[in-house]
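Going down the list, the protein sequences come from chains A and B.
With our numbering applied, the first sequence covers 274 to 695.
With our numbering applied, the second sequence covers 1034 to 1187.
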Amino acid sequence: MDKIKAVIQNSPWVIALIYLIIGIVWIAFSDQFVLTLWDDADSLTEVQSYKGFFFVAASSFLVFLLVRKSNSILGGVIEDLQVANNKFKATIEHAPVGIAHHKPDEKWIEVNQTLCDLLGYSRDELMKCEFSDFVHPDDLQKGRQLDSELIRGDIKNYEIEKRYIRKDGTQFEGMVRKSAVYNGKNVPLYLVVVLEDITKQKMNEKTIKKSLQEKEVLLAEVHHRVRNNLALISAFLDLESRNVKNKQVERVLGKNKVRIKCLSLIHDAFSDNNAGGIYFDKLLHQLIDFFQSFYSTKLPAIKIEKNISPVQLNINLAIPASLLFTELVINSAPNKFEDDSQPVLNVFLGEESGRITFRIFDNWTQPEQSELQNKKTFPSDIIQALVAQVKGKLETGVEQGKSMYSLRFNNIQKKGPGSSIN
Amino acid sequence: MLKVHCIEDNQSMQNIYKRMMEAVGFAGEIVTSYNGEEAINYYKDLMKSISEGKDASPPDVIFLDLNMPVMDGWRFLYEFYKLSLPESARPQIYIITSSVNPVDEEKAKEYDVREFITKPLYIDKLEELKGQLNGKQDGENSVNQAEMNKPFKK
Chain A
274 MDKIKAVIQN
284 SPWVIALIYL
294 IIGIVWIAFS
304 DQFVLTLWDD
314 ADSLTEVQSY
324 KGFFFVAASS
334 FLVFLLVRKS
344 NSILGGVIED
354 LQVANNKFKA
364 TIEHAPVGIA
374 HHKPDEKWIE
384 VNQTLCDLLG
394 YSRDELMKCE
404 FSDFVHPDDL
414 QKGRQLDSEL
424 IRGDIKNYEI
434 EKRYIRKDGT
444 QFEGMVRKSA
454 VYNGKNVPLY
464 LVVVLEDITK
474 QKMNEKTIKK
484 SLQEKEVLLA
494 EVHHRVRNNL
504 ALISAFLDLE
514 SRNVKNKQVE
524 RVLGKNKVRI
534 KCLSLIHDAF
544 SDNNAGGIYF
554 DKLLHQLIDF
564 FQSFYSTKLP
574 AIKIEKNISP
584 VQLNINLAIP
594 ASLLFTELVI
604 NSAPNKFEDD
614 SQPVLNVFLG
624 EESGRITFRI
634 FDNWTQPEQS
644 ELQNKKTFPS
654 DIIQALVAQV
664 KGKLETGVEQ
674 GKSMYSLRFN
684 NIQKKGPGSS
694 IN
Chain B
1034 MLKVHCIEDN
1044 QSMQNIYKRM
1054 MEAVGFAGEI
1064 VTSYNGEEAI
1074 NYYKDLMKSI
1084 SEGKDASPPD
1094 VIFLDLNMPV
1104 MDGWRFLYEF
1114 YKLSLPESAR
1124 PQIYIITSSV
1134 NPVDEEKAKE
1144 YDVREFITKP
1154 LYIDKLEELK
1164 GQLNGKQDGE
1174 NSVNQAEMNK
1184 PFKK
């Protein structure tokens, strides 16, 4: 295209120049040539006339050739342009979206067939339509406001969802995109409109949203039922233990009530679980609050000294770790105190370079009395199983003359069975 | 003996409450509602009976669950407040819920709720409540009156 343009621009000069040179050469040499052949005035006049006729005839033939060539080029270009133009028009006309141009005063310049089909009007009818004829009255104002921002040049383009009303009164949800075309002086000439029917997408969106909501409700319901059922089992045990005369059995039932409550709290922590895992420290605080209230009815209030740092655990670690904590507390919680001293339970939780340290000691258990030191008893089996589950190391020791338990394990974020959420 | 109104959607839970209350001699009469709406209707009927001069005694205690179908515990509290029962007919409200959400516990403070109890309700706790409530019934009238005079919604 650029080449054709260059030829068209330069050729008149070149042709005129060649013609000028040939003309000058012809005049200069043809006269001398004629003079060498004829010397009488009559013959010369006659030859000069023929020479003139020949020159005009040759020029005419040259002009004819040039114009014919130029016309054939122009004809080809016009044909190409027409093809391109038709293609462009057909593209606009049959585009799968409604396309139109309108003046800043909302008068239509042109509309495509898809837009006519979308709105249910014929082209002539649509050209006479006002915006208020097919835009939902509640959406009219927000569109006009954005149009005026476009016209002022505050924004380059915009897209919004609006409701449209067809000629037959039915409604559809549309996504309209607009931009403005300005002249060289930044005066807006017209606005380009692209309109798409998004009713289907909207319906799909609603279906997905509804389905998601249903799932959320279902999940909340499941959590609620699990919590309720755990509370129910706990209540059964509570009621049952009232008829139990054997102290040992009563103690076992009591321990199980605590274990169930612990599972219920883990379940709660799990239900507001985030992608990063369970906030173990938060869970521990809840467990401690529970122990305090649970034992407060039987014993002098246990004072709990806490030193708990924020720790996030994978659910696979959080469950055995909290159950371990529960086991350690319920197995050291005394039935009664011999003296009036204030019972104090000390809990420490910390994490250092991926290794978690968890330590508890109380001021009432004599090391030799501790049930946990006896490796043959049932709770000890539970504890050993839980320690193995967290791949940790449990040390029993003596601190300030009382028994102390210290658990260390690695905070592994690795996925495993049952932790698919993480 | 106390008259207790249990508002709880889970029937097993209702039954176990009944058993527990029997075991510690907590209540003389137990009224059950399975959601907030049933409970509100109970109070509407009760107020009607009182205004007609019929012999109708309001419950002394409400055990209220939060998570219930049809009308949940929060909505019940709101509607219950709107009924503006006479002070003498206003029961003590205990929320008993499986929620451990601190937001719920904070929200409960907006209403004149005696205590926010997390499920399960243990018998020991029930005995503690019995002690509290009977102490009140037997004579600490001044305290009782002061409690009663508090605006329902703080």
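Cβ atoms here follow ideal geometry from the backbone N, Cα and C, with glycine treated the same way.
Beta-ladder partner(s) of residue i, from DSSP
{"i": "Y455/A", "result": "P461/A"}
{"i": "Y437/A", "result": "V408/A and F445/A"}
{"i": "Y1127/B", "result": "F1096/B and E1148/B"}
{"i": "S676/A", "result": "V671/A"}
{"i": "S1066/B", "result": "I1040/B"}
{"i": "F621/A", "result": "N580/A and R632/A"}
{"i": "E469/A", "result": "M448/A"}
{"i": "A373/A", "result": "V384/A and V466/A"}
Beta-carbon proximity list for residue i, same chain, < 7 Å, skipping 5 on both sides
{"i": "K415/A", "result": "I433"}
{"i": "K1187/B", "result": "In this prediction, K1187/B scores a pLDDT of 41, lower than 50, which makes its location untrustworthy; the coordinate-derived value is nonetheless stated afterwards. If we look at K1187/B and ignore the five residues flanking it on each side, its Cβ neighbours are E1143 and D1145."}
{"i": "S405/A", "result": "L413"}
{"i": "L293/A", "result": "none"}
{"i": "L526/A", "result": "L510, E513, S514 and V517"}
{"i": "N456/A", "result": "L462"}
{"i": "R1147/B", "result": "Q1125, I1126 and Y1127"}
Simplified DSSP assignment, three categories, for residue i
{"i": "W381/A", "result": "strand"}
{"i": "L586/A", "result": "strand"}
{"i": "M1080/B", "result": "helix"}
{"i": "T318/A", "result": "helix"}
{"i": "G1058/B", "result": "coil"}
{"i": "G1086/B", "result": "coil"}
{"i": "H497/A", "result": "helix"}
{"i": "D312/A", "result": "coil"}
{"i": "H367/A", "result": "coil"}
{"i": "I551/A", "result": "strand"}
{"i": "K666/A", "result": "strand"}
{"i": "A574/A", "result": "coil"}
{"i": "L1035/B", "result": "strand"}
{"i": "I685/A", "result": "coil"}
{"i": "N529/A", "result": "helix"}
{"i": "N516/A", "result": "coil"}
{"i": "Q1047/B", "result": "helix"}
{"i": "Y431/A", "result": "strand"}
{"i": "G426/A", "result": "coil"}
{"i": "N604/A", "result": "helix"}
{"i": "V1103/B", "result": "coil"}
{"i": "V298/A", "result": "helix"}
{"i": "N344/A", "result": "helix"}
{"i": "S1117/B", "result": "coil"}
{"i": "S626/A", "result": "coil"}
{"i": "P1091/B", "result": "coil"}
{"i": "S284/A", "result": "helix"}
{"i": "P1153/B", "result": "coil"}
{"i": "C402/A", "result": "coil"}
{"i": "P616/A", "result": "coil"}
{"i": "Y323/A", "result": "helix"}
{"i": "G393/A", "result": "coil"}
{"i": "E1143/B", "result": "coil"}
Contact set for residue i: own chain, Cβ-Cβ below 8 Å, skip 5 residues either direction
{"i": "G691/A", "result": "With a pLDDT of 49 at G691/A, under the threshold of 50, the predicted position of this residue should be treated as unreliable, and no value is reported."}
{"i": "T599/A", "result": "V531, R532, C535 and L560"}
{"i": "E422/A", "result": "I428 and Y431"}
{"i": "L1116/B", "result": "I1073, Y1076, K1077 and M1080"}
Sequence-distant residues of the same chain with beta carbon closer than 6 Å to residue i, five excluded per side
{"i": "F1113/B", "result": "none"}
{"i": "N580/A", "result": "F621"}
{"i": "Q615/A", "result": "K576"}
{"i": "T318/A", "result": "none"}
{"i": "H496/A", "result": "S544"}
{"i": "E668/A", "result": "S679"}
{"i": "M1054/B", "result": "A1060"}
Supposed contact pair residue j and residue i - C-beta distance, whole angstroms, cut 8 Å
{"i": "P1092/B", "j": "V1064/B", "result": "6 Å"}
{"i": "L392/A", "j": "K440/A", "result": "7 Å"}
{"i": "D420/A", "j": "L464/A", "result": "7 Å"}
{"i": "E624/A", "j": "S582/A", "result": "6 Å"}
{"i": "I1040/B", "j": "L1097/B", "result": "5 Å"}
{"i": "A453/A", "j": "I424/A", "result": "6 Å"}
{"i": "K1152/B", "j": "A504/A", "result": "4 Å"}
{"i": "S1132/B", "j": "N1100/B", "result": "7 Å"}
Residue i at chain E interface by Cβ criterion, 9 Å
{"i": "A1056/B", "result": "Of the protein chains in the structure, A and B, none is chain E."}
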